[in-house]
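Have a look at the structure below, then the notes.
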Amino acid sequence: MGVAQSETAIAAAATSTTSAASTSSQRYRASSPRNRPTKEWFPDAPAPLISPAALILTPGGVGPPGSGYAPQVSERIRIVIAKPGLDGHDRGAKIIARALRDAGMEVVYTGLHQTPEQIVQTVVQEDADAVGLSILSGAHMTLFKRMVELLHENEADDVVLFGGGIIPDEDIPELEKAGVAKVFTPGATMDEIVAWVRAHVTPE
């Protein structure tokens, strides 16, 4: 292949890549309050395949990795919302994540079927102030206690652990004794959850 042919092929490949990237980014807006790329999943678009956190919702906007940056904000509460274990119902977790986002917080949603190890890794990597678990599987005693252990092992005892789901009232005192700051049961309102987070979570 001659020099002219090579240059033509390279230019064509670059044009194709640019066009694909432009199309892919049409569903997103750029934002990164902590000088890191952020992203948000929309119901009419596939979730970006990004690990470990599937979604990051910020009041200032959303965008895929590398799409741009917004002014740094240091006083915003940063929360990880997670779905541990085999529980595949995440509608409630997404509603809570958006409610916290709309209240001015920065929310990282991990996606489904996360292990406690993966969740704590996200908490540490994202420098989160709190982590909330949504558990409907009945495995809340095991999962919450494992989260407490892992947060301690990773020197993240200052991260506020809370959660909710289908959790019997008789299990709540034991969970609180183990280190869970708050357990929300069915019927808790978004206003109640937001108010509690604001009162008990301090941005670092």
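Its first residue numbered 86, the sequence shown is counted upward by one per residue in the numbering used here.
Note that the Cβ used here is the ideal one computed from N, Cα and C, for glycine as well.
The model shown is predicted, which means the values in this text are computed figures rather than measured ones.
For this session: Can you say whether Q210 is buried or exposed, counting buried as having 16 or more other CB atoms within 10 angstroms of its CB?
Result: exposed
Problem set entry | Cα-Cα separation between E238 and G189, rounded to whole angstroms | 30 Å
Exercise. Are there 16 or more other CB atoms within 10 angstroms of the CB of R176, so buried, or fewer, so exposed?
Worked result: exposed
For this session: Please report how far the alpha carbon of T274 lies from the alpha carbon of A224, in whole angstroms.
Result: 23 Å
Exercise. Is it right to say A284 is buried, meaning 16 or more other beta carbons lie within 10 angstroms of its own, or is it exposed?
Worked result: exposed
For this session: Can you grab the Cα-Cα spacing for the pair I166 / L218, in whole Å?
Result: 6 Å
Exercise. Within 10 angstroms of its Cβ, does L185 collect 16 or more other Cβ (buried), or is it exposed?
Worked result: buried
For this session: Indicate the three-state DSSP secondary structure (helix, strand or coil) for R283 in the structure shown.
Result: helix
Exercise. What's the call for D276, buried or exposed, on a 16-neighbour Cβ count within 10 Å?
Worked result: exposed
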